[in-house]
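Which chain is which? The protein sequence lines are A and B, in order. Residue 25 is where the first sequence starts when you use this note's numbering, and the numbers rise one by one after that. Residue 9 is where the second sequence starts when you use this note's numbering, and the numbers rise one by one after that. Have a look at the structure below, then the notes.
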Amino acid sequence: MNGSFIDNLPRVYGLYTGGFIVFIGFMAVLEQMGVSADTLGILFVAFTIAIYAGIGWLSRTMQVDAYYVAGREVPALYNGMATAADWMSGASFVAMAGGVYFGGYGYLAFIVGWTGGYVLVNSLLAPYLRKFGCYTVPDFIGTRYGGNLARLFAVIVLVVASFTYVTAQINATGTIAARALQIPFELGVWFGLLGILLCSMLGGMRAVTWTQVAQYIVLIIAYLVPVFWMSNVQGFGLIPQFSYGGAIERIGELEALQGVGTLTPTESFAGLRALTTAHATAPDSAMASWKFVTLVLVLMAGTASLPHILMRYFTTPSVREARRSVVWSLFFIFLLYFTAPALATFTKLQIMDPNLATGIIGKSIAEVQALDWIQKWSNVGFLAISDSNGDGLLQINEFFMRGDIVVLATPEIAGLPYVISGLVAAGGMAAAMSTADGLLLAIANALSHDLYYKIIDPNADTRTRLIVARILLIVIGAGGALVASLKLSSILGAVAWAFSFACSGLFFPLVLGVWWKRANRQGAVAGMGLGFLAGSIYLYQVRFAGMEPWLGIDHLRFGIIGMAVSLVAMVVVSLLTEEPDAETQAMVDEIRVPGGATVLGQEH
Amino acid sequence: MSDQQSRAATHWQRTRNLTFVTLGIWFFFAFFIHWFGAALNSVSFLGFPLGFYMAAQGSPIAFVLLLYFSTRRQEKIDDECGVAE
Numbered sequence: 025m026n027g028s029f030i031d032n033l034p035r036v037y038g039l040y041t042g043g044f045i046v047f048i049g050f051m052a053v054l055e056q057m058g059v060s061a062d063t064l065g066i067l068f069v070a071f072t073i074a075i076y077a078g079i080g081w082l083s084r085t086m087q088v089d090a091y092y093v094a095g096r097e098v099p100a101l102y103n104g105m106a107t108a109a110d111w112m113s114g115a116s117f118v119a120m121a122g123g124v125y126f127g128g129y130g131y132l133a134f135i136v137g138w139t140g141g142y143v144l145v146n147s148l149l150a151p152y153l154r155k156f157g158c159y160t161v162p163d164f165i166g167t168r169y170g171g172n173l174a175r176l177f178a179v180i181v182l183v184v185a186s187f188t189y190v191t192a193q194i195n196a197t198g199t200i201a202a203r204a205l206q207i208p209f210e211l212g213v214w215f216g217l218l219g220i221l222l223c224s225m226l227g228g229m230r231a232v233t234w235t236q237v238a239q240y241i242v243l244i245i246a247y248l249v250p251v252f253w254m255s256n257v258q259g260f261g262l263i264p265q266f267s268y269g270g271a272i273e274r275i276g277e278l279e280a281l282q283g284v285g286t287l288t289p290t291e292s293f294a295g296l297r298a299l300t301t302a303h304a305t306a307p308d309s310a311m312a313s314w315k316f317v318t319l320v321l322v323l324m325a326g327t328a329s330l331p332h333i334l335m336r337y338f339t340t341p342s343v344r345e346a347r348r349s350v351v352w353s354l355f356f357i358f359l360l361y362f363t364a365p366a367l368a369t370f371t372k373l374q375i376m377d378p379n380l381a382t383g384i385i386g387k388s389i390a391e392v393q394a395l396d397w398i399q400k401w402s403n404v405g406f407l408a409i410s411d412s413n414g415d416g417l418l419q420i421n422e423f424f425m426r427g428d429i430v431v432l433a434t435p436e437i438a439g440l441p442y443v444i445s446g447l448v449a450a451g452g453m454a455a456a457m458s459t460a461d462g463l464l465l466a467i468a469n470a471l472s473h474d475l476y477y478k479i480i481d482p483n484a485d486t487r488t489r490l491i492v493a494r495i496l497l498i499v500i501g502a503g504g505a506l507v508a509s510l511k512l513s514s515i516l517g518a519v520a521w522a523f524s525f526a527c528s529g530l531f532f533p534l535v536l537g538v539w540w541k542r543a544n545r546q547g548a549v550a551g552m553g554l555g556f557l558a559g560s561i562y563l564y565q566v567r568f569a570g571m572e573p574w575l576g577i578d579h580l581r582f583g584i585i586g587m588a589v590s591l592v593a594m595v596v597v598s599l600l601t602e603e604p605d606a607e608t609q610a611m612v613d614e615i616r617v618p619g620g621a622t623v624l625g626q627e628h
Numbered sequence: 009m010s011d012q013q014s015r016a017a018t019h020w021q022r023t024r025n026l027t028f029v030t031l032g033i034w035f036f037f038a039f040f041i042h043w044f045g046a047a048l049n050s051v052s053f054l055g056f057p058l059g060f061y062m063a064a065q066g067s068p069i070a071f072v073l074l075l076y077f078s079t080r081r082q083e084k085i086d087d088e089c090g091v092a093e
């Protein structure tokens, strides 16, 4: 090929996408020849991981700026795809549609929050941090406010928020690897970690960037193809996202007939739920509205404070490209998020509607238990059926399942070929791996650059820095895998906590660092320290010490408390202490202008 | 004040105004309309209950368009003030 790698990107990823589609076709042929569904699953997962590892190997580097910020040469479009993969976790891919299925209208707060947060990223932070020229988020805090204490606090918040998140991702890779490769979960976790490290260890941010682009392509194909296929097979319309209004109306009628919300389950199965919430009905009370908007706020502010997202915008060639890549990121994320409610709606209708061949509610228990997909998923404990009232018919409160099924089992419920199930497994794996990679790298880079190089040993040479970074990556990954393998499900379930941790400690120190020249070191230290502390204490009280939440601010929303404390502490302490020196104020002026040199040098 | 400084000052003022407008629109689609989700649900839009539609599609679409247009506007401001890269 002529020209540099960057010039050839459209051709490289065009070939890759074409190759992946050919691979899917090849798998479909194998299925026709009688290859089993299990083998197809293994081939899908193993083949895609091998590709990512290959990209990771080709991107290996010993240069500091390539390792930390991919050499700042990632064009906006590709950085948008990489950010979308970085952002959409196993939870988004597997659990989002399930969340809407069970939570109905209330769960849509996640969709609003996880898209709208990018408006904050673009307007308040990304272009300015790019102009600053930092390697990591604590690098910005440490230089803007000065002093090791501010840098250290930023590192602590980053590590807590990202580690909470990464164990859940390693858990997801383990679950998918275990199911696709037929190995025990504990082994699956370590296998997943191996795949993650292969992508990131040798090439740092450069390797993660180019694997994340590849992972985005796999995950978006894997999410959209089944939905479009199902919609067209079942006659829901050509473009399902725009035509499910009728399905919602029909679900509303069926909910009244089948007693959704009135019939409560009389039995319980660990990890499984029966449907008890109406699909589209919004509760009409100020408290319900308040809970919706507070969740939206925490998720948005958390989006704008999570370092693994912000650091993606350090990799573009210019401030302008950073802005454009935020727009691309949101667009690519939007493609999946506006499909999730459509998927949830169709799956629910297929299960509930007695007029459809797939409907199971109201049928006889024996008939339902004979269905293939019911047997397969009850065998692995994802689903349970119990004739609680003994009438021999399946009621809505007698059908229990895990939310994950909505994405994983939909191809089977709709009777699509097994090749689609294999594709979905590969997509879920890509989503979980790409997010885990970004998070692990964010943690390891903060510890190696900010803690080791900037605080402990400023004289370390390049080679030592990059070796330390890699050792940390392995150690933290192993720590995450160890925690994940303990299956502390009550902790792993709470991906939302990462957002509250991040916004409690980092949102205002980051935003005010750009937007308020008067913000100083003492204020930032108080804002990070007290905000993070207040949020953490509140979380402990509400979740583990049995405290009654104030104003409906439960453990998913503790960032509201943390952010309020952080803002007040930061403003009050800043105003009570001396204003920043002229040099710092000039630095703030400098980052507000796109043109000119970055504040921190090319290598620092 | 030098020419460069005054250009930077104008640029920041216009950037700040654009950001306020952007965040105003963002606030409307992020919080304001969802506060009235139950009331909006009694209106039908493209066959959807409007409150559900806005949360599932309307607001995300609004965010994508908002970012696209505000980024274009910001690039114009950068160029006009002569501070673009």
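Glycine included, every Cβ here is placed at the ideal spot set by N, Cα and C.
For a contact defined as C-beta to C-beta under 9 Å, what are the partners of residue i on chain B?
i               : result
I135 of chain A : A63, A64, Q65, S67, P68
D377 of chain A : Neighbours of D377 of chain A on chain B: none; closest Cβ ~17 Å, over 9 Å.
Tell me where the beta strand (DSSP E) around residue i begins and ends.
i               : result
A408 of chain A : 407-409
For residue i, does the three-state DSSP call read helix, strand or coil?
i               : result
M425 of chain A : strand
I582 of chain A : A small correction: the amino acid at residue 582 of chain A is Phe; Ile does not occupy that position in the sequence shown. Coil at F582 of chain A, not helix or strand.
V124 of chain A : helix
F3 of chain B   : Outside the displayed span of chain B (9 to 93) sits residue 3 of chain B, for which this structure offers no information.
S388 of chain A : strand
V284 of chain A : strand
L510 of chain A : coil
L395 of chain A : coil
L490 of chain A : helix
L516 of chain A : Low per-residue confidence applies at L516 of chain A: pLDDT is 45, beneath 50, and the placement is therefore not dependable, though the value from the model is reported in the following sentence. Helix.
L205 of chain A : helix
L624 of chain A : coil
R297 of chain A : strand
L262 of chain A : coil
L330 of chain A : coil
L319 of chain A : helix
L418 of chain A : coil
Please report the residue range of the alpha helix (DSSP H) in which residue i lies.
i               : result
E55 of chain A  : 33-56
A561 of chain A : Here residue 561 of chain A turns out to be Ile, not Ala, going by the sequence shown. That run of the alpha helix (DSSP H) goes 545-567.
M229 of chain A : 228-257
A70 of chain B  : 67-88
N103 of chain A : 100-111
M453 of chain A : 442-469
E436 of chain A : 434-437
Q103 of chain B : Given that chain B is displayed from residue 9 to residue 93, the structure contains no residue 103 of chain B and the question cannot be resolved.
Y152 of chain A : 150-156
F134 of chain A : 132-144
A610 of chain A : 606-615
A74 of chain A  : 61-82
Could you work out which residues of chain B lie near residue i, taking near to mean beta carbons separated by less than 8 Å?
i               : result
R344 of chain A : E83, D86, A92, E93
L132 of chain A : F60, A63, A64
Y361 of chain A : P68
R347 of chain A : T79, Q82, E83
Counting only Cβ pairs nearer than 7 Å, list the residues of chain A close to residue i.
i              : result
T27 of chain B : S147
V72 of chain B : L354, F355, F358
F39 of chain B : V317, V320
Find the residues of chain B that neighbour residue i, judging by a C-beta separation of less than 7 Å, and give them in chain order.
i               : result
P365 of chain A : A64
P99 of chain A  : The contacting residues do not exist; P99 of chain A stays about 15 Å from chain B at best.
Report the residue from the options whose alpha carbon sits nearest the alpha carbon of residue i.
i               : options                        : result
A104 of chain B : B:P57, B:F36, B:T18            : Because residue 104 of chain B is not part of the residues shown, which for chain B are 9 to 93, the question remains open.
E422 of chain A : A:G386, A:Y442, A:D396         : A:G386
Y129 of chain A : B:A63, B:V72, B:I41            : B:A63
V237 of chain A : A:A150, A:Y76, A:L471          : A:Y76
A325 of chain A : A:V36, A:L530, A:A119, A:A466  : A:L530
R348 of chain A : B:F37, B:L74, B:L54, B:G90     : B:L74
T41 of chain A  : A:S353, A:S60, A:Y240, A:Q374  : A:Y240
W401 of chain A : A:D411, A:A133, A:P435, A:L417 : A:P435
L153 of chain A : A:W521, A:Y102, A:L334, A:L226 : A:L334
S643 of chain A : A:E607, A:A408, A:R616, A:C527 : Only positions 25 to 628 of chain A appear in this structure, which leaves residue 643 of chain A out of reach.
Please compile the residues from chain A whose C-beta is within a distance smaller than 8 Å of the C-beta of residue i.
i              : result
F36 of chain B : Ordered by position in chain A, no residue passes the 8 Å Cβ test against F36 of chain B, which lies about 11 Å from the chain.
Starting from residue i, find everything on chain A with Cβ-Cβ shorter than 9 Å and list it in chain order.
i              : result
T18 of chain B : Result: empty, since nearest Cβ-Cβ is about 11 Å, beyond 9 Å.
**Prompt:** At a Cβ cut of 7 Å, what residues of the stretch 307-340 of chain A count as close to chain C, listed as they run along the chain?
**Reply:** This model lacks chain C altogether; the protein chains it does include are A and B.
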